[in-house]
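Just below is one structure, and these are the notes that go with it.
There are 2 protein chains.
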Amino acid sequence: MMIQATKKVLAESLSSLERIVQARSSNPILTYLKLEATGAGLRLSGTNLELDLETSVAAQVSEEATVVVPAHLFSQIVRSLSSELVELELHGNELNIQGGGFKTKLQTGDLDAYPELSFPTHFDTVLDAREFSRALSSVRYAAATEAFQAVFRGIKLEMSEKRTRVVASDGFRLALHDFAGSSAEKSLILPARAVDELIKLLKDGEVHLTFAGSVLSLTTPRWKLNLKLLEGEFPDYERVIPREVKLSVRLSATQLREAVNRVAVLADKTANNRVEFQVSGSSLSLASEGDYGRAQDVLEVFQEGTEPALTLAFSAKYVTVALGPLEGEVLIQLSGSNTPALFKAAEDSGYSAVVVPLRV
Amino acid sequence: MMIQATKKVLAESLSSLERIVQARSSNPILTYLKLEATGAGLRLSGTNLELDLETSVAAQVSEEATVVVPAHLFSQIVRSLSSELVELELHGNELNIQGGGFKTKLQTGDLDAYPELSFPTHFDTVLDAREFSRALSSVRYAAATEAFQAVFRGIKLEMSEKRTRVVASDGFRLALHDFAGSSAEKSLILPARAVDELIKLLKDGEVHLTFAGSVLSLTTPRWKLNLKLLEGEFPDYERVIPREVKLSVRLSATQLREAVNRVAVLADKTANNRVEFQVSGSSLSLASEGDYGRAQDVLEVFQEGTEPALTLAFSAKYVTVALGPLEGEVLIQLSGSNTPALFKAAEDSGYSAVVVPLRV
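Line by line, the protein sequences give chains A and Y. Counting in this note's numbering, the first sequence runs from 1 upward without gaps. Counting in this note's numbering, the second sequence runs from 361 upward without gaps.
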């Protein structure tokens with residue numbers, strides 16, 4: 001085969017594949033990626049067994065051929081070229097890579113040992129790529145990194161005609177984000193690590209979804225993905241969402257975040273960075289205490305509800321992270337000192353966060 | 361005491377002190393910094409026993425006082441304030457820090473246990489701060505991080521009326537940088553870690569130097585530093601600088617750096633990332649070989665000298681790092697395949713690097 005492709009386009013596609021394909025593996029063939037030169041261009045694919053990824057780049061192909069090459073080395077070589085064009089030529093089991101005065105002979109791998117990757121050609125439903133990506137990235141933080149149940153390291157995707165919802169929780173906090181519905185009625189759990197890659201790959205336009213047992217396939221104009229789903233039962237998160245609001249406050253999300261960070265400097269690191277929230281008379285007073293002293297900040301708020309005053313304590317980090325996806329004003333809905341608090345945008349953005357308070 | 365200072369100015373000074381003062385220490389008082397409120401403003405000082413640092417910021421002081429406070433906490437608090445002014449007030453052993461609606465009571469430390477820091481008021485000589493900083497940062501990379509002799513982790517400062525020279529070497533490579541001389545005749549070894557801080561603190565204008573036994577003191581309009589010198593004999597570096605040039609080549613430093621990086625992708629990581637340099641007929645050919653294949657790049661060069669051709673091998677990283685401080689064209693002076701090579705700017709910038717080749 002003899003292939004000519006644009007360095008910039010090829011390098012961009014490779015940088016995404018490089019994030020999926022492991023640099024080291026007990027099964028070395030998994031550190032390779034597959035190049036398929038066809039009349040339609042150059043197809044690139046790779047896998048980490050949890051996520052398969054495929055893309056195509058425009059290329060002039062004189063002869064069809066398929067090879068597997070070490071993913072990270074190949075990507076590094078292409079990225080380092082000073083020329084605008086990359087020329088690939090297969091000689092036996094050596095792939096010549098050329099650009100400018102530079103020539104490489106790269107050993108290719110065992111094509112027969114490479115796992116078979118196949119992507120669907122029919123689609124079950126469709127979502128707006130940008131909204132889906134935004135929803136996933138706003139709840140991602142609430143998934144657990146380590147937990148006894150794997151489902152806590154997943155993000156639940158609930159689809160119906162009415163709405164699509166993504167939910168993540170580690171048992172101490174919960175984040176959810178609603179956006180426009182789809183034609184499917186389906187509930188799945190996506191592994192959070194694979195979601196990190198999905199967020200990076202979803203851009204504009206539409207993403208098509210195909211359901212096939214334990215795999216969700218996603219197709220965008222540029223990428224094809226197979227994503228291995230998590231099995232198990234996602235916890236019944238609805239019951240931690242506070243229903244009866246006794247007191248609600250509204251204030252600038254940025255001001256609150258900065259004030260919590262300030263007060264948390266003095267908070268005891270060994271006691272969850274505990275910050276006390278005291279609401280009364282249209283003011284929110286934040287206080288902390290630790291080995292080196294005490295800190296206090298007072299913010300003016302808009303206050304409503306049947307309860308005239310309430311005191312709660314939160315882990316500072318949980319509050320500042322929950323405020324992360326919010327712009328403008330935050331609405332905090334409280335139902336008691338020992339019941340979960342709800343944080344959402346005063347002008348509903350689809351996003352809500354629930355934080356369980358520390359014991360008073 | 362009651363002190364008012366500008367948050368921005370105070371936070372800037374604290375961020376430099378924070379880099380010097382350790383966050384943890386077997387002697388906890390060393391994690392503190394000293395605040396001295398005087399008629400002239402607020403003086404701040406800290407130490408890690410290798411480096412003492414002092415600065416002053418403008419402040420309105422109603423009553424003179426001296427306290428020590430946990431350096432990192434104090435800095436974090438000041439940085440987090442939303443107000444333009446910081447108010448400090450001492451009550452017993454608590455320092456009140458106030459700004460906007462925020463109030464902190466910070467426990468102060470044991471002033472008597474704090475080490476006595478003193479800075480000179482007379483100066484022995486003077487250097488241009490920007491040139492000194494530039495020279496130090498261009499040779500810094502060549503100092504060893506770990507070595508049997510501490511002097512290899514140091515940077516030699518040689519001062520005479522004719523010129524000032526800084527030199528660093530780890531035995532495999534050497535970097536030196538010459539600039540305008542001083543009125544002193546002196547030779548010292550500065551610890552590389554302290555040099556890293558010095559580089560950040562030296563800006564425009566002049567820096568005054570004071571010699572006192574094993575300590576070098578440096579004074580700029582903003583900072584006072586005491587720097588504990590390394591003892592021992594710096595190796596006789598002059599003998600590795602090649603004298604008799606048999607072949608020299610000239611080419612773009614950036615092009616060479618990029619080409620070495622490209623070729624090094626295929627080089628054997630377990631064999632020093634060996635890249636072969638072959639000069640002949642006004643071309644420089646770079647080649648490498650490793651488990652995954654071979655790479656080659658050819659660059660046009662301007663070639664001079666009595667020897668028509670030479671082949672050497674270098675560790676790729678040593679060459680690319682040596683080229684780092686060079687702009688424009690690099691002049692490479694060779695005297696043989698197994699003798700050190702000299703790299704410097706074609707238009708002399710004061711900087712030279714010597715790299716010992718790998719065995720051919």
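From the three backbone atoms N, C-alpha and C, an ideal C-beta is built for every residue, glycine too. Here the structure is a predicted model, which means the values were calculated and not measured.
Mind reading off the beta-carbon distance from residue i to residue j? Whole number of angstroms is fine, and I expect it under 8 Å.
i, j, result
"A/L358", "A/S315", "6 Å"
"A/L229", "A/L202", "That pair is no contact at about 18 Å."
"A/L85", "A/Q4", "6 Å"
"A/M2", "A/S62", "4 Å"
"Y/V428", "Y/L450", "Actually they do not touch by this definition, with Cβ atoms about 12 Å apart."
"A/S252", "A/R274", "Going by Cβ atoms, the distance from A/S252 to A/R274 rounds to 23 Å, so no, they are not a contact pair."
"A/Y114", "A/K34", "6 Å"
"Y/G592", "Y/Q509", "7 Å"
"A/L299", "A/A259", "6 Å"
"Y/V715", "Y/S697", "Actually they do not touch by this definition, with Cβ atoms about 13 Å apart."
"A/E329", "A/R239", "A/E329 to A/R239, Cβ: 27 Å. No contact."
"A/M159", "A/K186", "5 Å"
"A/A309", "A/S280", "4 Å"
Short of 7 Å in beta carbon distance, which residues of its chain neighbour residue i, apart from the five on each side in sequence? Order them along the chain.
i, result
"A/S335", "P242, E244, V245, K246"
"Y/D731", "Not covered by the structure: residue 731 of chain Y. The range shown for chain Y is 361 to 720."
"A/L95", "V67, V69, L88, L106, T108"
"A/L117", "S45, T47, D52, E54"
"A/L111", "T66, V67, V68"
"A/K7", "V78, L81, S83, E84, L85, V86, G99"
"A/N272", "S315, L358"
"Y/T398", "V421, E424"
Among residues of its own chain, excluding the 5 on either side of residue i, which ones have a beta-carbon nearer than 8 Å to its beta-carbon?
i, result
"A/S75", "A11, L14, S15, L17, E18"
"Y/S608", "Q663, E664, G665, L691, I692, Q693, L694"
"A/T31", "V21, Q22, A23, R24, S25, P70, A71, H72"
"Y/D564", "A489, R490"
"A/E307", "K246, L247, L334"
"Y/E410", "P551, R553, A554, L587, K588"
"A/Q255", "L299"
"A/A345", "A253, L326, E327, G328, E329, V330, L331, Y351"
"A/E206", "V126, L127, D128, A129, T220"
Using a Cβ-Cβ cutoff of less than 6 Å, which residues in the same chain neighbour residue i once the five nearest sequence positions on both sides are dropped?
i, result
"A/A58", "G41"
"Y/F800", "Not covered by the structure: residue 800 of chain Y. The range shown for chain Y is 361 to 720."
"Y/Q638", "S645, T671"
"Y/L585", "L413, L578"
"Y/R523", "D538, G541"
"A/V166", "A135, L136, V139, I155, L157, H177"
"Y/R403", "E396, S416"
"A/S214", "L229"
"A/R257", "T320, L323"
"A/F172", "V356"
Hey, does residue i have any beta-carbon neighbour from chain C nearer than 7 Å?
i, result
"Y/A682", "No chain C appears in this structure, whose protein chains are A and Y."
Counting Cβ pairs, one atom from each stretch, are 3 or more of them under 8 Å apart for the stretch 531 to 545 of chain Y and the stretch 489 to 498 of chain Y? Three or more beta-carbon pairs separated by less than 8 Å link the stretch 531 to 545 of chain Y to the stretch 489 to 498 of chain Y, which places the two stretches in contact.
Short of 7 Å Cβ to Cβ, which residues in the stretch 58 to 74 of chain A face chain Y? Within the stretch 58 to 74 of chain A, the qualifying residues are P70, L73.
Under 7 Å (Cβ pairs) to chain Y, residues found in the stretch 92 to 110 of chain A: Answer in chain order: E94, G101, F102, K103, T104, K105, L106, Q107.
What residues from the stretch 256 to 284 of chain A come within 8 Å of chain Y, judged by C-beta to C-beta, listed N to C? Residues of the stretch 256 to 284 of chain A whose Cβ lies closer than 8 Å to any Cβ of chain Y, in chain order: E258, A259, N261, R262, V263, V265, L266.
I'd like the ranges of any beta strand (DSSP E) spanning at least 3 consecutive residues and lying wholly in the stretch 48 to 91 of chain A. Positions of the beta strand (DSSP E) runs, each at least 3 residues long and wholly inside the stretch 48 to 91 of chain A, are given as 51 to 57, 59 to 61, 65 to 70, 85 to 91 in order along the chain.
Can you find at least 3 beta carbon pairs, one from the stretch 291 to 298 of chain A and one from the stretch 105 to 123 of chain A, that sit closer than 8 Å? Judged by Cβ distances under 8 Å, the stretch 291 to 298 of chain A makes no contact with the stretch 105 to 123 of chain A, as fewer than three pairs qualify.
Determine contact between the stretch 433 to 452 of chain Y and the stretch 256 to 266 of chain A, defined as no fewer than three beta-carbon pairs at a distance below 8 Å. The answer is yes - the stretch 256 to 266 of chain A touches the stretch 433 to 452 of chain Y, with three or more Cβ pairs under 8 Å.
Cβ-based contacts, 8 Å cut-off: residues of the stretch 286 to 313 of chain A near chain Y: Those would be D291, Y292, G293, R294, A295, Q296, D297, V298, L299, in chain order.
Count the CB pairs spanning the stretch 311 to 326 of chain A and the stretch 473 to 482 of chain Y that are closer than 8 Å, and state whether there are at least three. Fewer than three Cβ pairs drawn from the stretch 311 to 326 of chain A and the stretch 473 to 482 of chain Y lie within less than 8 Å of each other, which leaves the two stretches out of contact.
Which runs of the beta strand (DSSP E), 3 residues or longer, sit entirely within the stretch 84 to 157 of chain A? Segments of the beta strand (DSSP E) lying fully in the stretch 84 to 157 of chain A: 85 to 91, 94 to 99, 102 to 107, 125 to 128.
Enumerate, from N- to C-terminal direction, the unbroken beta strand (DSSP E) stretches of 3 or more residues contained entirely within the stretch 250 to 292 of chain A. For the stretch 250 to 292 of chain A, whole beta strand (DSSP E) runs of length 3 or above, ordered along the chain, are 274 to 280, 283 to 290.
Selection of the stretch 384 to 416 of chain Y by Cβ proximity to chain A, strictly under 7 Å: Within the stretch 384 to 416 of chain Y, no residue qualifies.
Would you list, in chain order, the members of the stretch 137 to 160 of chain A that have their beta-carbon closer than 7 Å to a beta-carbon of chain Y? Of all residues in the stretch 137 to 160 of chain A, none has a Cβ within less than 7 Å of some Cβ in chain Y.
Please list the residues of the stretch 77 to 91 of chain A that have a C-beta atom closer than 8 Å to any C-beta atom in chain Y, keeping them in chain order. Cβ contacts with chain Y: I77, S80, L81, S82.
Restricting to runs no shorter than 4 residues, where is the alpha helix (DSSP H) found entirely within the stretch 572 to 597 of chain Y? Those alpha helix (DSSP H) runs which fall completely within the stretch 572 to 597 of chain Y and span 4+ residues do not exist here.
Mind pulling the beta strand (DSSP E) runs of 3 or more residues that sit fully within the stretch 516 to 576 of chain Y? As for any beta strand (DSSP E) of minimum length 3 sitting wholly inside the stretch 516 to 576 of chain Y, the runs are 523 to 529, 533 to 540, 546 to 551, 566 to 572, ordered along the chain.
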